[in-house]
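Take 1199 as the starting number for the sequence shown in my numbering and just add one per residue.
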Amino acid sequence: MRNDKARKLAFKFLRLAENQFTSQRLRRVYRDWFGVEVGLYSYGCFDPARFPPGTRFGRYCSIANTAASFDTDHPVDAAILHPVAYHPGFGVVDAWRIAPTPLVVEDDVWLGHNVTILAGTGRIGRGAIVAAGAVVREPVAPYMIVAGIPARPIRPRFGPERIASLEASHWWERTPPELRHLTAQHADWLPEAASRHATKD
């Protein structure tokens, strides 16, 4: 227990010191100490308190700092709901009675603020958006926008042709400099240019 607390504290300092978009060391420590894998350029997911061991994030994911996932749930069909009935730490059972269900978050997924991903969700597909406050309990299809409690599909982000073009490009496997060249050939992939500051008279 003491070693676990020390690791979490050390990791918190490492997270502040490293660039979470590109740091290989941050990713290696997160994987080795906490069992969570994060692809390059993904951010917002370096928190072992919010994402359990076995969670895997693809590349270029955008994760709000209030989003979280769970890999187990209380056994609603069991006579006793309390962890005393399934956690060996209480001395009643000799081994875990609930198997965790790992989560895979594919590339370029956006999880909004206060998103909760419940055990058994399994996978959130590439390019999906999970709206703020959603509670997810089922797999999310690639490029789908979901929202609500429980989360329901709202609409796909694009039509079949655009999705096929994105999938064929494998853009998420490229570095930002490589993407600059690629998007020069696909200007429609980018939002229109806009000023980030209000114009003053």
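We put the beta carbon where it would ideally sit given N, CA and C, even for glycine.
Asked	Found
Counted within 10 angstroms of its Cβ, other Cβ atoms place Ile1315 as buried (16 or more) or exposed	buried
Length of the line joining the Cα atoms of Ser1267 and Pro1354	23 Å
From Val1227, Ala1317 and Phe1288, residue whose alpha carbon lies closest to that of Pro1300	Ala1317
Nonlocal neighbours in the same chain, by C-beta distance under 7 Å from Met1199, ignoring five residues either side	Low per-residue confidence applies at Met1199: pLDDT is 49, beneath 50, and the placement is therefore not dependable, though the value from the model is reported in the following sentence. Counting only Cβ-Cβ distances below 7 Å, and skipping sequence neighbours, we find nothing.
Same chain only: Cβ atoms within 7 Å of Leu1238, ignoring 5 sequence neighbours per side	Thr1220 and Arg1257
Anticipated Cβ contact below 8 Å, Arg1322 with Ala1332, distance rounded	Checking the sequence shown, residue 1322 turns out to be Ile, not Arg. Rounded, the Cβ-Cβ distance is 11 Å, inconsistent with contact.
Straight-line gap, Val1307 to His1379 (C-alpha atoms, nearest Å)	22 Å
Val1344 vs Val1328 beta-carbon contact at 7 Å	yes
Cβ pair Gly1242, Asn1263 closer than 7 Å	yes
Candidates Ile1296, Cys1259 and Gly1289, of which the one nearest Arg1272 by Cα	Strictly speaking, residue 1272 in this sequence is His, with Arg absent from that position. Ranking the options by Cα distance to His1272, first place goes to Ile1296.
Assigned secondary structure, Arg1321 (DSSP; H/G/I helix, E/B strand, else coil)	strand
Continuous alpha helix (DSSP H) stretch holding Pro1358: start and end	Pro1358 to Ser1367
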